[in-house]
Amino acid sequence: RVPRQVKTILSKETKPHIQELSIKTTIISRYAFTAVYCAMLNRHSAATEGVFQFQVPANAYVSNFTMIIGGRVYQSEVRPKEKRVKQENGKPKNKESGDASPEPEVEVFRMAANIPGRNRAVFLLTYEELLQRRLGRYEHVTSLRPLQLVSRLTLDVTIVDHSPITDLQVLPLRNGRSSSASSSETGPKTPAKPEPPVTTVIKNEKNVCKITFSPNIVQQAKITTNGLLGDFVIRYDVQRDMGIGDIQVLNGHFVHYFAPKDLPVVPKNVVFVIDTSASMLGTKIRQTKDALFTILRDLRPGDRFNFISFSNKIKVWQPNRLVPVTPLNVRDAKKFIYTLATTGGTNIDDAMQTGSSLLRDYLSGPDASPNSVSLIIFLTDGRPTVGEIQSTVILGNTRSAVQEKFCIFTIGIGNDVDYRLLERMALENCGMMRRIHEEADASAMLKGFYDEIGTPLLSDIRINYTEDSVQYVTQHLFTNYFNGSEIVIAGKLTNQSAEILHVQVTASNSDKSIILETDVPLRHRQIETEKHVKAATAAMAGGARTPGSGSMQGLGVALGSIAEDFVERVWGFLSVKDGLRSRLRSQTSKEREDHIQQATNLSLAYHFLTPLTNLVVEKPEVLADGSMAPAPTITPAAGSTASELPGDTEEGEPQKPNGKPGGQTSSVRNTIGKAARRPAKKSITISKTSADGD
Amino acid sequence: PHFVVEFPLSKLTVCFNINGEPGHILRLVSDHKYSGVTVNGKLIGAPAPPGSHKQQRTYFSTITIVVDHPKRAYIEVTPKKVILDGRDRMVLPCHSTVAVDSGALSVSIVGKSNVTVTIGGNISFVILLHQYKNPAPYQRDHLGFYIGQSKGLSHNCHGLLGQFLYEEVGLAELPAQGDMKPSPILKVKGRSVPVVQKSRKIYSGTQSVDCWFARNNAAKLIDGQYEDYMSSHMFDTGDWP
Numbered sequence: 008r009v010p011r012q013v014k015t016i017l018s019k020e021t022k023p024h025i026q027e028l029s030i031k032t033t034i035i036s037r038y039a040f041t042a043v044y045c046a047m048l049n050r051h052s053a054a055t056e057g058v059f060q061f062q063v064p065a066n067a068y069v070s071n072f073t074m075i076i077g078g079r080v081y082q083s084e085v086r087p088k089e090k091r092v093k094q095e096n097g098k099p100k101n102k103e104s105g106d107a108s109p110e111p112e113v114e115v116f117r118m119a120a121n122i123p124g125r126n127r128a129v130f131l132l133t134y135e136e137l138l139q140r141r142l143g144r145y146e147h148v149t150s151l152r153p154l155q156l157v158s159r160l161t162l163d164v165t166i167v168d169h170s171p172i173t174d175l176q177v178l179p180l181r182n183g184r185s186s187s188a189s190s191s192e193t194g195p196k197t198p199a200k201p202e203p204p205v206t207t208v209i210k211n212e213k214n215v216c217k218i219t220f221s222p223n224i225v226q227q228a229k230i231t232t233n234g235l236l237g238d239f240v241i242r243y244d245v246q247r248d249m250g251i252g253d254i255q256v257l258n259g260h261f262v263h264y265f266a267p268k269d270l271p272v273v274p275k276n277v278v279f280v281i282d283t284s285a286s287m288l289g290t291k292i293r294q295t296k297d298a299l300f301t302i303l304r305d306l307r308p309g310d311r312f313n314f315i316s317f318s319n320k321i322k323v324w325q326p327n328r329l330v331p332v333t334p335l336n337v338r339d340a341k342k343f344i345y346t347l348a349t350t351g352g353t354n355i356d357d358a359m360q361t362g363s364s365l366l367r368d369y370l371s372g373p374d375a376s377p378n379s380v381s382l383i384i385f386l387t388d389g390r391p392t393v394g395e396i397q398s399t400v401i402l403g404n405t406r407s408a409v410q411e412k413f414c415i416f417t418i419g420i421g422n423d424v425d426y427r428l429l430e431r432m433a434l435e436n437c438g439m440m441r442r443i444h445e446e447a448d449a450s451a452m453l454k455g456f457y458d459e460i461g462t463p464l465l466s467d468i469r470i471n472y473t474e475d476s477v478q479y480v481t482q483h484l485f486t487n488y489f490n491g492s493e494i495v496i497a498g499k500l501t502n503q504s505a506e507i508l509h510v511q512v513t514a515s516n517s518d519k520s521i522i523l524e525t526d527v528p529l530r531h532r533q534i535e536t537e538k539h540v541k542a543a544t545a546a547m548a549g550g551a552r553t554p555g556s557g558s559m560q561g562l563g564v565a566l567g568s569i570a571e572d573f574v575e576r577v578w579g580f581l582s583v584k585d586g587l588r589s590r591l592r593s594q595t596s597k598e599r600e601d602h603i604q605q606a607t608n609l610s611l612a613y614h615f616l617t618p619l620t621n622l623v624v625e626k627p628e629v630l631a632d633g634s635m636a637p638a639p640t641i642t643p644a645a646g647s648t649a650s651e652l653p654g655d656t657e658e659g660e661p662q663k664p665n666g667k668p669g670g671q672t673s674s675v676r677n678t679i680g681k682a683a684r685r686p687a688k689k690s691i692t693i694s695k696t697s698a699d700g701d
Numbered sequence: 086p087h088f089v090v091e092f093p094l095s096k097l098t099v100c101f102n103i104n105g106e107p108g109h110i111l112r113l114v115s116d117h118k119y120s121g122v123t124v125n126g127k128l129i130g131a132p133a134p135p136g137s138h139k140q141q142r143t144y145f146s147t148i149t150i151v152v153d154h155p156k157r158a159y160i161e162v163t164p165k166k167v168i169l170d171g172r173d174r175m176v177l178p179c180h181s182t183v184a185v186d187s188g189a190l191s192v193s194i195v196g197k198s199n200v201t202v203t204i205g206g207n208i209s210f211v212i213l214l215h216q217y218k219n220p221a222p223y224q225r226d227h228l229g230f231y232i233g234q235s236k237g238l239s240h241n242c243h244g245l246l247g248q249f250l251y252e253e254v255g256l257a258e259l260p261a262q263g264d265m266k267p268s269p270i271l272k273v274k275g276r277s278v279p280v281v282q283k284s285r286k287i288y289s290g291t292q293s294v295d296c297w298f299a300r301n302n303a304a305k306l307i308d309g310q311y312e313d314y315m316s317s318h319m320f321d322t323g324d325w326p
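Sequence order for the protein chains is A and B.
My numbering numbers the first residue of the first sequence as 8 and each following residue consecutively.
My numbering numbers the first residue of the second sequence as 86 and each following residue consecutively.
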């Protein structure tokens, strides 16, 4: 029975009512396909604007959008973006004012369309995403924010993996600004308020797991009446061993997941560069200090470290050296952190120069361990205001100072950060960037980010496949492999009738070099992969319904056909990501254009809405009397630019390539087999002197 | 297990059996004081094949190598995995090909086939991985231990295999007595060991070797007796008494 209050809320609703919102996700070997089905009813006699809005994870690419309005189907089309023209306000032209959320890493897909009077509209959206492994688990987030109470709301997530699924967790609904759909966030998040019991059904078999969440309208109203339910978060991991990893083969493509365990930790040399400008005053510096105190406790005996604080002035805790982790040094470091005071402006350039020279000097000194991993963790809450303030100059200076000897990991707190600068700084120097929202728990997030990179297990990782058997292999050289993460490589097989694919992984680990080799039986793997694609397709088919008659069968079928080519799509997905990264690292404008062209072509081929493409949809014209006009208009879907990487709108100086192993990509070039040849197999000469079987 | 000892200087090959007890740990190579290397092997038992009147079979289920120089390292090999324990621990599966090289010590696994441990460039041991797809009740996954290179081991090296590395043996004949034909004997360290000629399969049965077989658990061939070669634990580096 629907309570009177809920009925009142529904009756007061002026915008078209969402009768059904069904979200169906299938995750096959970490590649997630999501199909969203939204049916809206315009109860009024006059035409009304219906707005379909859905938060898409920042790492995902929208791969299809279709509307059915007044019985007519409006199919989207992915088109290459026109060359950008700089706007006065610095924003691209096609960005609608209301489309993007304040957090640039959250993509909000938004489509407004006029729905004729007493008529229905159906919106169908699909997106794809390769889940990244962080802190030893994959996290899948679905945003449940329909902005109103929905008559039928269902979320189905099916996880199918080649390896047994372990540690499955379904978290309480996450809400608030800090809990956006961004997959790039770290740290624990708290649910908005205690939830009423809404049954989440979890069916878990060894390699298949089904999770269903379908709160009825009353249960939704008990959580919130504004339709902002929050993020539905699933975390899991899969079983793995210290082998060459999991290789899956399907229709002439392969994907290789490499996440070895049981490896000893490589010692690290780390310099923390912390912003102490005036804007850090209050919560930010307090939470930063809290995190640093915790991080100090987690440093390992073999590590070396130092701290730099910067504002107008640069302060170095231990001038000209990196100190070992001893109780005395940790105690002194705590004192230094405790006394950090906020004042003045933000001199990013000098801070980076000082941090880099500290690490460089240490690495060229006699104490440096050759196989240790070196990194700078840089944290700021603002733009450069003191010293050098030009981003391009700071980036150039940083590159020159780093000399490809170590990696830079950057963290920005709040809204006043030049995230483009931080992202490029990290990307050009084999690191990563993280964003901490103004209201978020910076302490937990900084600690979470440190946890991700605090345990390096391998460095200089090179993954090679049989010469002349593969082509267009995605990034296969990596600077570091951190505990809890995963390296994923995909490629095309040139010879599909080949029996085996030889895989070789070489890497360094503290004082050892490691070579892992195996021959992958291609036919057997193809059969195995087909088997679990079948399992996924069967899981998707279960409980499907049909669009147009209030069902999602069509989407289920569409997802099924995508699943059948999931290895190729993983390859396409990774190749596009590689191309976008390579574009940022291009040395010349020609190179940059080439990368843009390649990434655009791939985006078009796989129908991905990327920073280089637009999603164009025909829109129905509704006449004043509420009926449909004969010729529809064409509109680019909003949100199509929200995920642009830094540098998309900036035609700055051509950048030098990173040159580091992790910095190189091979998005659509065949580099395999030429750089590293398979070592000749040694014949073993052994004496007869032996002790053997009975 | 059966043992084969090659005496290159004497151009002779000798073989013998050691019928140990399951759970016993045997010292195969013991040179802890000098080169810093010790090799122990743990026995596992399996029932005798049906119809035979033989006693139960024993195999090596684990081989451990303790290395003292330049850094202490422990290598534990089983048919399924290799655990490399030095300053830090690494667990490597035996089903895939892996090589770990830290200069003085390297471990190389050829998936499902063998493990080579090289110490300081002049000592190497090869451990064959015997894995059965469908083992009979009397078969167990086990290991074979082969000495690849022994130049780095000292003249004081001992153990069931180690004691013969720098020895020379001579072959003689016991004169015929009564109806008995002349029988061959080995002269080892001043001892006379009666032997018979036999053939043994080595390297996973891929090769056959003709050898002089010493009976009775290598009595008189080896210094002391079986119990003298028993270690208290897998990483025991105790020397020859």
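For each residue, glycine too, the CB sits at the ideal point set by N, CA and C.
Nothing here was measured: the structure is a model prediction, and the numbers come from that model.
Burial state of residue i, where buried means 16 or more other Cβ atoms lie within 10 Å
{"i": "residue 15 of chain A", "result": "exposed"}
{"i": "residue 401 of chain A", "result": "buried"}
{"i": "residue 408 of chain A", "result": "buried"}
{"i": "residue 312 of chain B", "result": "exposed"}
{"i": "residue 136 of chain A", "result": "buried"}
{"i": "residue 68 of chain A", "result": "buried"}
{"i": "residue 397 of chain A", "result": "exposed"}
{"i": "residue 53 of chain A", "result": "exposed"}
{"i": "residue 307 of chain A", "result": "exposed"}
{"i": "residue 534 of chain A", "result": "exposed"}
{"i": "residue 215 of chain B", "result": "buried"}
{"i": "residue 155 of chain B", "result": "exposed"}
Start and end residues, beta strand (DSSP E) containing residue i
{"i": "residue 404 of chain A", "result": "Run containing residue 404 of chain A: none in the beta strand (DSSP E); it sits in the alpha helix (DSSP H), 398-409."}
{"i": "residue 307 of chain B", "result": "Element bounds for residue 307 of chain B: n/a, residue is neither H nor E."}
{"i": "residue 296 of chain A", "result": "Segment 290-305 is the alpha helix (DSSP H) holding residue 296 of chain A; no beta strand (DSSP E) there."}
{"i": "residue 233 of chain A", "result": "Taken as a continuous stretch (DSSP letters only), residue 233 of chain A belongs to no beta strand (DSSP E), as it is neither H nor E."}
{"i": "residue 83 of chain A", "result": "79-87"}
Boundaries of the alpha helix (DSSP H) in which residue i is found, first to last residue
{"i": "residue 112 of chain B", "result": "Residue 112 of chain B -> not in any alpha helix (DSSP H); beta strand (DSSP E) instead, spanning 110-116."}
{"i": "residue 369 of chain A", "result": "355-371"}
{"i": "residue 251 of chain A", "result": "Here residue 251 of chain A belongs to no alpha helix (DSSP H), and DSSP marks it neither H nor E."}
Residue i Cβ short of 7 Å to the ligand MG heavy atom set
{"i": "residue 156 of chain B", "result": "Ligands are entirely absent from the displayed structure, and the ligand MG is therefore not among its contents."}
Residues that residue i bridges to, as DSSP identifies them
{"i": "residue 131 of chain B", "result": "B:142"}
{"i": "residue 487 of chain A", "result": "A:466"}
{"i": "residue 97 of chain B", "result": "B:92"}
Residue-level contact to chain A via CB, residue i, 8 Å cutoff
{"i": "residue 309 of chain B", "result": "no"}
{"i": "residue 351 of chain B", "result": "Outside the displayed span of chain B (86 to 326) sits residue 351 of chain B, for which this structure offers no information."}
{"i": "residue 304 of chain B", "result": "no"}
{"i": "residue 119 of chain B", "result": "no"}
Beta-carbon spacing of residue i, residue j below 8 Å
{"i": "residue 351 of chain A", "j": "residue 318 of chain A", "result": "yes"}
{"i": "residue 35 of chain A", "j": "residue 573 of chain A", "result": "yes"}
{"i": "residue 443 of chain A", "j": "residue 347 of chain A", "result": "no"}
Residue-level contact to chain B via CB, residue i, 8 Å cutoff
{"i": "residue 499 of chain A", "result": "no"}
{"i": "residue 270 of chain A", "result": "yes"}
{"i": "residue 35 of chain A", "result": "no"}
{"i": "residue 517 of chain A", "result": "yes"}
{"i": "residue 699 of chain A", "result": "yes"}
{"i": "residue 250 of chain A", "result": "yes"}
{"i": "residue 473 of chain A", "result": "no"}
{"i": "residue 523 of chain A", "result": "yes"}
{"i": "residue 696 of chain A", "result": "yes"}
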